[in-house]
Amino acid sequence: MADWRPAAAPETLRRRAALLAEIRGFFARRGVVEVEPPTLGPPAMDPALESLAVDGVPPDGGRRWLQTSPEYAMKRLLAAGSGDIYALGPAWRGGEYGRWHRPEFTLLEWYRVGFDHHRLMDEVAELAAVVCGPRPVERISYREAFLAHAGVDPLAAVEADLAAAVARAGLSLGGVAVEERDTLLDLLLSHVVGPALGHVAATFLHGFPASQAALARLDDDDPRTARRFELFLDGLEIANGYHELTDAAAQRRRFEAERTERHGSGLPVYEADEALLAALEAGIPDCAGVALGVDRLVAVALGARSLAEVRLE
């Protein structure tokens, strides 16, 4: 007989529901409006993300993708004059399953008009304190964190240096080519640097390499880096935020670079989302945005040992 019992206890799910209500109250007090973006739409361009396809979608019976993030739709709303907005709901990413990963998960994403990434870090810290209780807050640059925990300068090191740092950490390249610089950096971040962060304080890692800017602006003070941050609590990445790129031409160039990378890696190659690019051309306000993994945040708040303990599965 199949085991029908959920891994998460009813009392845990009641506590989770209370925390979700706290999150909604947090934004209501700040005048940030909840929106409900579509869960089907264009695929993610980022080579690190796998979008899950759904076929036969009306009215044309074509293919759509379960959204890895509501970002594209929310930026169209920003261009239409929505002001500050947030979305709280499901997102999907293929190829992700484990103690702290699920193909379906709960994502909180919000955008603050007139904020830069530093001001948004302040607000993320305030929300984390509401959900998990107060902690000290620290900010450390990506470069400083890699020097401290991986013994390598991520902005200056050549690929062989990064591969050597991976070997020192006892990690296998697992088929990763030595020349895949960003993949090596991600391997060190996920297995060496990240797990060392956020154990005493809520730790913001900022100043990511420009090659990992994604949808963030480059930093005028140091163009080698992007205005991007991640929050770590208890060694877990909780949130990923940007001072948003609003230049349509620059965004198109990034999409083309991602298409090229996808082709070179043998991944599905998609067309750029023209609706997003048109919204950028029409003009979205200067803003900062962040995506936060709610299941992980709740797990930290409740002292859970895995996502399965805090989700109805």
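According to the numbering used here, the residues represented by the sequence shown are 36 to 348, in order.
We put the CB at the ideal spot given by N, CA and C, even for glycine.
None of these values were measured; they are calculated from a predicted model.
Asked, Found
"Distance, residue 98 Cα to residue 90 Cα", "4 Å"
"Rounded separation between residue 295 and residue 336 - CA only", "41 Å"
"Inter-residue Cα distance where the pair is residue 50 and residue 165", "14 Å"
"Three-way DSSP call (helix, strand, coil) for residue 327 in this model", "strand"
"Of the residues 105, 163, 136, 183, the one placed nearest residue 145, counting alpha carbons only", "105"
"Chain-order list of residues whose beta-carbon lies under 7 Å from that of residue 176 (same chain, five-residue window excluded)", "241, 242"
"Residue 96 versus 306, 88, 64, residue with shortest Cα-Cα distance", "88"
"Cutoff 7 Å; reference residue 317; Cβ partners in own chain excluding five residues on either side", "114"
"Residue 286 and residue 327 closer than 8 Å at C-beta", "no"
"C-alpha distance - residue 84 paired with residue 208, whole-angstrom precision", "19 Å"
"Sequence ranges, alpha helix (DSSP H) only - wholly within the segment 270-323, length at least 4", "283-299, 309-317"
"Cβ-based burial, residue 347 [other Cβ within 10 Å; buried from 16]", "exposed"
"Which of helix, strand or coil DSSP assigns to residue 146", "strand"
"Residue range of the unbroken beta strand (DSSP E) whose run includes residue 258", "257-261"
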